[in-house]
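Visitor:
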Amino acid sequence: MTAHLVAAPFLLPAITACALIVAGHRLAWQRALSIASTALLLVVAVALLVAVDDGTPRVLAFGAWPAFVGIVFVADRLSALMLVMAAGVGLAAVVHASRGADARGAHFHALVQFQLAGIDGAFLTGDLFNLFVCFELLLIASYALLQHGGGAARLKAGVHYVALNLVGSALFLIAVSVIYRIAGTLNMADLAQALARTPETDVPWLRAGALLLLVVFLLKAAAAPMHLWLAGTYTAACAPVAAIFAVLTKVGAYAVLRVGAIVFGTSPAAVAIDAVVLPLALATVVVAAIGALAAARLSVMAAWLALGSSGTWLAGVGLFHGAGTGGALFYVLPSTAAIAGLFLLADAMAQARGEVGDTICGAPRMHGAGRFGALYLVLAITIAGLPPLAGFLGKTLLLQGAGPDHGVLWAVLLGASLLNVIALARAGSRLFWAADHETPCPGLAAAARWRALAPAAALAVAIVALTPGAGALQRYARLAAEHVVAPSAYLDAVLPIGGGRSPVGEVLSLRETR
Amino acid sequence: MEALLALSIGVLGACGTWLVLRARTFPVVLGFTLLSYAVNLFVFAAGGIKVGAPAIVDAVAPDAMADPLPQALVLTAIVIGFGMTAFLVVLALRLRGETGDDSVDAVPEGHGGRQRPDEAA
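From first to last, the protein sequence lines are chains R and H. Take the first sequence: its position 452, counted from the start at 1, is 451 in numbering that gives the first Met the number 0, and no numbers get skipped. Take the second sequence: its position 32, counted from the start at 1, is 31 in numbering that gives the first Met the number 0, and no numbers get skipped.
1. Going along the stretch 392-416 of chain R in order, which residues come within less than 9 Å of chain H, judged by CB to CB distance?
2. With Leu423 of chain R and Ala379 of chain R assumed to form a contact (beta carbons below 8 Å), what rounded beta-carbon distance in angstroms separates them?
3. Just reading off the alpha helix (DSSP H) that Phe72 of chain R is part of, what are its end residues?
4. Please return the same chain residues whose Cβ sits closer than 6 Å to the Cβ of Ala287 of chain R, not counting the five positions on each side in sequence.
5. Residues bridged to Asp126 of chain R by DSSP?
6. Going along chain R, which residues have a C-beta under 8 Å from Pro69 of chain H?
7. Would you please verify whether the beta carbon of Phe263 of chain R is less than 9 Å from any beta carbon of chain H?
8. I want to see whether chain R comes within less than 9 Å of Leu11 of chain H, judged by CB atoms only; does it?
9. Can you say whether Val50 of chain H is buried or exposed, counting buried as having 16 or more other CB atoms within 10 angstroms of its CB?
10. Suppose you measure from the CA of Met61 of chain H to the CA of Phe72 of chain R; what does that come to, to the nearest Å?
11. Going along chain R, which residues have a C-beta under 8 Å from Ile48 of chain H?
12. In chain H, which residues lie with their C-beta within 7 Å of the C-beta of Phe128 of chain R?
13. Output the distance between the C-alpha atoms of Met0 of chain H and Pro69 of chain H, rounded to the nearest integer angstrom.
14. Which stretch, first to last residue, makes up the alpha helix (DSSP H) that contains Ala60 of chain R?
15. Express the C-alpha separation of Ile70 of chain R and Cys14 of chain H in angstroms, rounding to a whole number.
16. Please identify the residue among R:Asn129, R:Leu452, R:Lys249 and R:Leu154 whose C-alpha is closest to the C-alpha of Ala327 of chain R.
17. Looking only at its chain, what residues have a beta carbon closer than 6 Å to the beta carbon of Ala7 of chain R, apart from the 5 residues adjacent to it on each side?
18. Per DSSP, Arg23 of chain H is paired with what?
19. Within 9 Å (strictly less), CB to CB, does Gln114 of chain R reach chain H?
20. Give me the Cβ distance between Leu115 of chain R and Gly89 of chain R, rounded to the nearest whole Å; I'm assuming they're in contact under 8 Å.
21. May I ask which residues mark the beginning and end of the alpha helix (DSSP H) holding Val240 of chain R?
22. What in chain R is Cβ-close to Ser35 of chain H, meaning under 7 Å?
23. Helix or strand or just coil, what does DSSP make of Thr232 of chain R?
24. Between the stretch 236-256 of chain R and the stretch 98-109 of chain R, do three or more beta carbon pairs fall short of 8 Å?
25. So Ser162 of chain R contacts chain H; which residues on that side make the cut at Cβ distance below 8 Å?
26. Using a Cβ-Cβ distance under 9 Å, would Met83 of chain H count as near chain R?
27. Between the Cα of Ala121 of chain R and the Cα atoms of R:Ile178, R:Phe61 and R:Val255, which residue gives the shortest distance?
28. If you pair each beta-carbon of the stretch 266-279 of chain R with each one of the stretch 191-206 of chain R, do three or more pairs fall below 8 Å?
29. According to the Cβ coordinates, are Thr24 of chain H and Val103 of chain H closer than 9 Å?
30. Measure the Cβ-Cβ separation of Leu517 of chain R and Phe9 of chain R and say whether it is below 9 Å.
31. With a 10 Å radius around its C-beta and 16 neighbouring C-beta atoms as the bar for buried, classify Leu6 of chain H as buried or exposed.
32. Can you tell me which of the three DSSP states Arg352 of chain R falls into?
33. Give the residues of chain H in contact with Ile173 of chain R, contact being defined as C-beta atoms less than 7 Å apart.
34. Between the stretch 171-187 of chain R and the stretch 47-60 of chain R, do at least 3 Cβ pairs fall closer than 8 Å?
35. When you compare only the Cα positions, how much space is there between Val506 of chain R and Arg196 of chain R?
36. Of all the alpha helix (DSSP H) runs that stay within the bounds of the stretch 92-166 of chain R, which reach a length of 4 or more residues?
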């Protein structure tokens with residue numbers, strides 16, 4: 000039963016998306032179906048999270064082909080945590096969009112479901128080529144979602160975003176081909192075995208293929224110096240889309256961890272990967288902290304903070320170390336939820352403040368400034384990593400796991416936290432305290448109701464709930480990271496499927512017996 | 000054979016890269032087309048070059064047949080690349096329509112992350 004549950008997080012949104020296209024243009028139906036499906040996705044992800052906690056990854060081999068020729072989906076603790084994160088943020092975004100943003104263009108809900116299918120597929124797939132396919136699926140959905148609402152600014156950001164990612168896809172295919180030429184397989188577990196025995200003459204090729212692949216993943220994760228597309232793209236997208244995009248950069252860093260640890264962890268290319276990821280991640284964190292200071296609008300600041308959160312997660316990934324990476328994994332959940340929440344909050348505030356939008360400046364006092372302010376406080380504390388909420392615990396676990404040998408990491412993360420506190424405090428005091436009239440605009444009261452804030456508030460509640468649940472999550476995240484860095488359980492679960500590695504002749508005979 | 004294939008991939012890749020770096024959208028689209036040709040040939044070549052080898056059939060010894068996996072991969076890659084290029088064409092046309100300019104860096108109003116507030120709302 001749980002073996003088939005593995006495919007559900009991919010199939011459920013994919014089928015829902017097709018149903019939404021067929022279902023016609025009744026927005027009420029589309030909303031109901033989309034919200035129900037995403038809520039079910041969250042339930043499935045949590046069920047998977049509980050199921051894989053016994054330490055054995057669940058593997059689904061489509062058509063029961065042997066792992067190294069067929070398509071496998073693998074769910075382990077790391078995948079399950081990521082699935083829960085994606086489903087949670089997706090649900091908040093879909094509910095937020097159902098208050099009217101989804102009416103500004105066609106097929107919003109179908110595209111979101113395709114986006115979720117691509118993201119979930121990337122978290123689950125057990126081979127490099129399907130990782131490529133899932134990346135393309137989530138990218139094509141994101142290209143279209145970025146255009147939702149229309150306008151020249153979105154088109155311009157779209158051309159840049161599409162062009163960059165097309166280059167990324169080309170490099171991805173070249174890297175996959177090089178690796179296939181060396182190893183003769185694309186299954187991750189099988190590659191781990193094959194690449195560990197790379198002959199001396201192939202090592203330069205392997206290194207080239209591995210680093211090309213890394214370039215692609217770092218482009219998706221928006222690591223410096225390939226971060227320049229992120230702020231423009233995320234700011235151009237409408238709020239619920241930007242909230243989902245906050246998960247997208249996490250997929251890039253996830254791929255670095257999954258592929259870097261399992262595929263290349265024991266290969267001769269491991270040293271080259273280790274040397275690249277951490278410095279670039281730290282550079283990203285610095286750039287993002289400076290960008291957040293310079294932002295003139297709340298949504299622009301949220302985009303730079305998303306980059307910082309992605310950089311911090313990537314820094315933890317770059318440690319390739321149980322405790323350190325586990326700490327980053329703990330950090331990435333509340334931090335992603337908080338950034339998605341900040342995008343949604345910025346949108347709600349832009350509507351409640353009237354013509355100044357979410358520009359960080361003084362304006363007439365808002366209706367319900369108290370509830371907006373309280374929500375902003377929770378999200379800001381989480382993003383900056385201040386006690387007592389889960390963001391602080393995540394950063395602490397990451398620093399603790401990295402240990403005293405990584406002085407630069409400590410300095411960069413703590414310095415960036417300080418800059419984030421300054422940026423968020425400055426923005427908060429301008430937005431909520433620098434009111435130039437005490438009487439709010441009467442026409443805007445409807446936009447400031449609790450209902451407009453519900454999705455962002457739900458994310459904030461989830462973050463607050465993570466704080467008392469921190470012990471359990473810490474254990475889970477640490478085990479997840481340990482089992483990826485030392486993937487013996489993963490290999491044991493995948494490799495024996497269909498009788499393990501065998502020469503091509505045996506595959507053929509197996510084909511005959513089917 | 001190998002030299003010819005390598006040379007073709009190299010020339011296509013170089014032309015594609017040069018065109019992708021152009022400032023107008025039409026050459027960029029052409030560049031991506033050439034680049035995807037180069038990549039598809041590269042994926043295909045990853046299976047090894049065998050002249051006249053049959054596809055995967057049971058009557059043939061495994062060593063004599065062409066590697067089927069890169070063929071499957073390249074099919075997928077062609078489909079995906081075609082779809083992406085089509086999307087880019089539509090995007091470029093819409094950009095030309097909206098801004099009246101086919102420059103990749105067409106600067107619409109609200110450049111530099113500062114959108115008009117009514118658009119943000």
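For each residue, glycine too, the CB sits at the ideal point set by N, CA and C.
Guide: On the basis of the coordinates in this document:
1. none
2. 4 Å
3. That residue, Phe72 of chain R, is in no alpha helix (DSSP H); its beta strand (DSSP E) goes Val71 to Ala74.
4. Trp303, Leu306, Gly307 and Gly310
5. By DSSP's assignment, Asp126 of chain R forms a beta bridge with R:Asn186.
6. Ser176 and Tyr179
7. no
8. no
9. exposed
10. In the sequence under discussion, the amino acid at residue 61 of chain H is Pro, which differs from the Met named in the question. About 28 Å.
11. Those within 8 Å of Ile48 of chain H in chain R number zero; the least Cβ separation is about 11 Å.
12. Leu72
13. 18 Å
14. Ala60 of chain R -> not in any alpha helix (DSSP H); beta strand (DSSP E) instead, spanning Arg57 to Ala60.
15. Distance between the alpha carbons of Cys14 of chain H and Ile70 of chain R is about 35 Å.
16. Ala327 of chain R has its Cα closest to that of R:Lys249, out of R:Asn129, R:Leu452, R:Lys249 and R:Leu154.
17. Val43
18. H:Ser102
19. No, its Cβ sits nowhere closer than 9 Å to a Cβ of chain H.
20. Contact check for Leu115 of chain R and Gly89 of chain R: beta-carbon distance about 5 Å, within the 8 Å limit, so the pair qualifies.
21. According to the DSSP assignment, Val240 of chain R belongs to the alpha helix (DSSP H) that extends over Ala238 to Arg257.
22. By Cβ distance, chain R contributes Ala169.
23. helix
24. With three or more CB-CB distances shorter than 8 Å, the stretch 236-256 of chain R counts as touching the stretch 98-109 of chain R.
25. Checking the sequence shown, residue 162 of chain R turns out to be Ala, not Ser. Within 8 Å Cβ-Cβ: Val19, Val27, Phe31, Leu87 and Val103.
26. yes
27. R:Val255
28. yes
29. Result yes, Cβ atoms of Thr24 of chain H and Val103 of chain H sit closer than 9 Å.
30. Outside the shown range of chain R (0 to 513) lies residue 517 of chain R, about which nothing can therefore be said.
31. By the 10 Å Cβ count, Leu6 of chain H comes out exposed.
32. coil
33. Simply Val38 and Phe41.
34. no
35. Per-residue confidence for Val506 of chain R stands at a pLDDT of 43, beneath the threshold of 50, marking its modelled position as unreliable; the derived number appears in the next sentence. Their backbone Cα atoms lie some 22 Å apart in a straight line.
36. Counting only runs of at least 4 residues, the stretch 92-166 of chain R fully encloses the following alpha helix (DSSP H) elements, listed from N- to C-terminal order: 107-123 and 127-145.
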